[in-house]
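Enquirer:
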Amino acid sequence: MVKRADAAYMWDVDDNEYIDYDMGFGALFSGHINPIVRRAVDEQLANGTLFVTPCELNADVAELLGERYGLPMWRFTNSGTEATMDAIRVARGATGRDKIVKVEGGYHGHHDEVMISMKPKLEDAGPADNPTPVAATAGVTKAVLGDTIVIPYNNPEALERALRNDDVACFIVEPVMENIGICLPDPGYLQAVREITERHGTLLIFDEVKTGITAGWAGATGALGVTPDLVALAKSIGGGLPLGAFGGKREYMDQITMGRVIHLGTYNGNPLCMAAAKAVLAEVCTPQATAATIGRNKMLVDACNDIIDDAGLPAHTIQFGAKGCVTWAPEPIRNYRDYKATDMDLAFAQWIHGINRGILLPPGLDEQWLISIMHTESDALRYADVFADFVNELTK
Numbered sequence: 001m002v003k004r005a006d007a008a009y010m011w012d013v014d015d016n017e018y019i020d021y022d023m024g025f026g027a028l029f030s031g032h033i034n035p036i037v038r039r040a041v042d043e044q045l046a047n048g049t050l051f052v053t054p055c056e057l058n059a060d061v062a063e064l065l066g067e068r069y070g071l072p073m074w075r076f077t078n079s080g081t082e083a084t085m086d087a088i089r090v091a092r093g094a095t096g097r098d099k100i101v102k103v104e105g106g107y108h109g110h111h112d113e114v115m116i117s118m119k120p121k122l123e124d125a126g127p128a129d130n131p132t133p134v135a136a137t138a139g140v141t142k143a144v145l146g147d148t149i150v151i152p153y154n155n156p157e158a159l160e161r162a163l164r165n166d167d168v169a170c171f172i173v174e175p176v177m178e179n180i181g182i183c184l185p186d187p188g189y190l191q192a193v194r195e196i197t198e199r200h201g202t203l204l205i206f207d208e209v210k211t212g213i214t215a216g217w218a219g220a221t222g223a224l225g226v227t228p229d230l231v232a233l234a235k236s237i238g239g240g241l242p243l244g245a246f247g248g249k250r251e252y253m254d255q256i257t258m259g260r261v262i263h264l265g266t267y268n269g270n271p272l273c274m275a276a277a278k279a280v281l282a283e284v285c286t287p288q289a290t291a292a293t294i295g296r297n298k299m300l301v302d303a304c305n306d307i308i309d310d311a312g313l314p315a316h317t318i319q320f321g322a323k324g325c326v327t328w329a330p331e332p333i334r335n336y337r338d339y340k341a342t343d344m345d346l347a348f349a350q351w352i353h354g355i356n357r358g359i360l361l362p363p364g365l366d367e368q369w370l371i372s373i374m375h376t377e378s379d380a381l382r383y384a385d386v387f388a389d390f391v392n393e394l395t396k
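Under full-length UniProt numbering, the first residue of the sequence shown carries the number 1, and numbering increases by one thereafter.
(1) From S117 to A136, what does the alpha carbon distance come to, in whole angstroms?
(2) Classify T395: buried if its beta carbon has 16 or more other beta carbons within 10 angstroms, exposed otherwise.
(3) Assign Y107 to one of three DSSP states: helix, strand, or coil.
(4) Here's the rule: buried if 16 or more other CB atoms are within 10 angstroms of the residue's CB, otherwise exposed. What is T81?
(5) Let me check understanding here. Comparing Cα to Cα, which of F246, L45, R357 lies closest to L65?
(6) Please say whether A277 and G238 have beta carbons closer to each other than 8 Å?
(7) Verify whether the separation of the beta carbon atoms of A143 and V134 is less than 8 Å.
(8) My guess is that D366 and I180 are in contact by the Cβ rule of under 8 Å, so how many angstroms apart are they, rounded?
(9) DSSP on R97, reduced to helix/strand/coil?
(10) Which two residues bound the contiguous alpha helix (DSSP H) that contains G354?
(11) Within 10 angstroms of the Cβ of K121, are there 16 or more other Cβ atoms? Answer buried if so, exposed if not.
(12) Applying the 10 Å Cβ sphere with the 16-neighbour rule, what's the burial state of K3?
(13) Pick out the complete alpha helix (DSSP H) segments inside the region 152-223, 4 residues or longer, and give them in chain order.
(14) In chain order, what are the residue ranges of uninterrupted beta strand (DSSP E) at least 3 long that sit wholly in the region 215-268?
(15) Using a 10 Å radius around the Cβ and a threshold of 16 neighbouring Cβ atoms, would you call Q319 buried or exposed?
(16) By Cβ distance below 7 Å, which residues in the same chain neighbour R97 in space, the five residues on each side in sequence not counted?
(17) Tell me which same chain residues have a C-beta within less than 7 Å of the C-beta of G269, skipping the five on either side of it?
(18) Can the beta-carbon of F29 be found closer than 8 Å to that of T317?
(19) Taking C-beta to C-beta, are V114 and H108 nearer than 8 Å?
(20) Should G219 and N78 be called a contact, given that it needs their Cβ atoms to be closer than 8 Å?
(21) Any contact between the region 278-286 and the region 21-40? By contact I mean 3 or more CB pairs, one from each, below 8 Å.
(22) Whole-angstrom Cβ separation of V37 and Y252, contact assumed at under 8 Å?
(23) What's the gap between the Cα of I196 and the Cα of S236?
(24) The alpha helix (DSSP H) with G295 in it runs from where to where?
(25) Given this structure, state the Cα-to-Cα distance separating I333 from G324, to the nearest angstrom.
(26) First and last residue of the beta strand (DSSP E) that includes E367?
(27) If you measure between the beta carbons of N335 and Y153, is that distance less than 8 Å?
(28) Distance, Cα to Cα, A8 vs G358?
(29) Could you check what DSSP says for D42 in three-state terms: helix, strand or coil?
(30) Residues in the same chain with beta-carbon distance under 6 Å from P314, minus the five sequence neighbours each way, listed in chain order, please.
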C-alpha cells in the first residue's frame, strides 16, 4: 500500500522505498509531483477549479496538441475511455455507419463498444486470421457484439476483408499495441491501414492514450509518420491529473461544432487539469527533455538486452519511445496470439523479484515500464542491475 510519491520514487506504508517504473501505467511521464506541474496547478487552484465555461487554457492546450499532432480541432474529456468513446461516436456520426473494427487484444477503455476481445481465452477466440468477437465482461449486449468486428494486428488483409461491404464507421487501433507488452507494427502496416480505410470511407482512429507523448514529441503519429482521421489521448498529457482529449480533421470534428454529434461533460476541460496539461506540453515535456528521456530508456533497454544475450535466454527487449519491456519469447510478438504463447510465469516471477528489491514494475506482460522525465540515468539503470540478479538466479 503506497503512502506517498515524489519524482521517480514511491514509499509504502512501512516506509519501504521503490523506484517506480510503472508511473501510473504511463500517465506520469512528467514524474510524480513534477515541480513545474505542481506550480501551475497551485496557481490555478487559487483562481478556480471548475468554470463549466471555456477559458483561455482550453485554447492554449488545444493549440499545443495541434502543433504536435498536425490536427486542428480538439475536445477534452476526463479519461482515455471517454476520449475513445467520443471519437467512435464522431466517426459514426460522420459516416452514418454503425459497425466498428478493433484489434484482438487491444484495450481502448471500458465502454461497451470496445470491451470486446480484450484478452479472450483461445478456446473462445476462433481462428487466428478471423477472430470471434468475445465480450470481456457481462453486460455487453448481443447488439453491441454484432456491431464490432475483430481482426488480428499486423494483418492488412484481414482489415480489407472486414471493410469489404463499406459499412464500417471506423477502425480504432493503437498504432503500437501496449496492452500486450509492446507490439510494434510491421514495416508498412500502418501505411496499408491508412490506404485501406481511406479507400473504403472508414475513419481511422489512433488510440494514443498509452503511447501519447511518451512516444516522442509528436506521439506515435509523428514517430511512425501516419496521420489518422481522429486521435484519442490521455494519461501522459495530464501530468498525473485525470485528463483525456480527442482531436481530428476539421470535417469530422465539425460534427460536434455543427451539433450533429453531442459531446457533453461537466468536468470536461476544467481549468485545473488544463493548467497541468499546459505545463506538461509547453514546459516539461519539451523536444529536448523528451529526447533525453528516450535516450536514458535506450540505455536501459540495451543493458537488459545484453544481459539476455549473455545468458542465452529465450527473451528479448522492445523499446518504443520512453517505454520498454522484456518479453519472454525468442521472437518479437506481432499480435495477440503470439502474446499468448509467451512465458507468463517468468514475467510474474520477474515482477515479484523486483518488488522485493525496491523495483516497482507494471505487473505481468500486459504493461511496459516507463522512464519519466524525472528518472535520472542512475534511476533508469538500477532496473538493469536488478534484472541481472534475476537472470543470475534463474540460470544458476
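By construction, the Cβ of each residue, glycine as well, lies at the ideal position given by its N, Cα and C atoms.
Expert: In brief:
(1) When the Cα atoms are used, S117 and A136 turn out to be separated by approximately 6 Å.
(2) Looking at its Cβ environment, which holds fewer than 16 other Cβ atoms inside 10 Å, T395 is exposed.
(3) Collapsing the DSSP output to three states places Y107 in coil.
(4) Looking at its Cβ environment, which holds 16 or more other Cβ atoms inside 10 Å, T81 is buried.
(5) Looking at the Cα atoms, F246 is the closest of the given residues.
(6) Yes.
(7) It is not a contact, given that the beta carbons lie outside the stated cut-off.
(8) So it is a contact: roughly 7 Å between Cβ atoms.
(9) Coil.
(10) Per DSSP, G354 belongs to the alpha helix (DSSP H) from 344-355.
(11) By the beta-carbon neighbour count (other beta carbons within 10 angstroms, threshold 16), K121 is exposed.
(12) Looking at its Cβ environment, which holds fewer than 16 other Cβ atoms inside 10 Å, K3 is exposed.
(13) Within the region 152-223, the complete alpha helix (DSSP H) runs of at least 4 residues are 156-162, 189-199.
(14) Every beta strand (DSSP E) stretch that sits fully inside the region 215-268 and reaches 3 residues is listed by chain position as 230-233, 244-248.
(15) Buried: at least 16 other Cβ atoms inside 10 Å.
(16) Within the same chain, D167, V168, A169 come within 7 Å of R97 by CB-CB distance, once the 5 residues on both sides are set aside.
(17) Closer than 7 Å at the Cβ level, and outside the excluded window around G269, lie N58, F76.
(18) With respect to the 8 Å criterion, F29 and T317 are not classified as neighbours on the basis of their beta carbons.
(19) Against a cut-off of 8 Å, the Cβ pair of H108 and V114 comes out as a contact.
(20) Not a contact, by the Cβ cut-off of 8 Å.
(21) Yes: the two stretches touch, three or more of their Cβ pairs being nearer than 8 Å.
(22) Actually they do not touch by this definition, with Cβ atoms about 31 Å apart.
(23) Rounded to the nearest angstrom, the two C-alpha atoms are 30 Å apart.
(24) Residue range 287-311 is occupied by the alpha helix (DSSP H) that includes G295.
(25) Distance from the CA of I333 to the CA of G324, rounded to the nearest whole angstrom, comes to 14 Å.
(26) If you look at E367, you'll find it isn't in any beta strand (DSSP E); DSSP assigns it neither H nor E.
(27) It is a contact, given that the beta carbons lie within the stated cut-off.
(28) Each residue's Cα considered, the two are about 12 Å apart.
(29) Here D42 sits in helix by DSSP.
(30) Cβ neighbours of P314 beyond the five flanking positions: P330.
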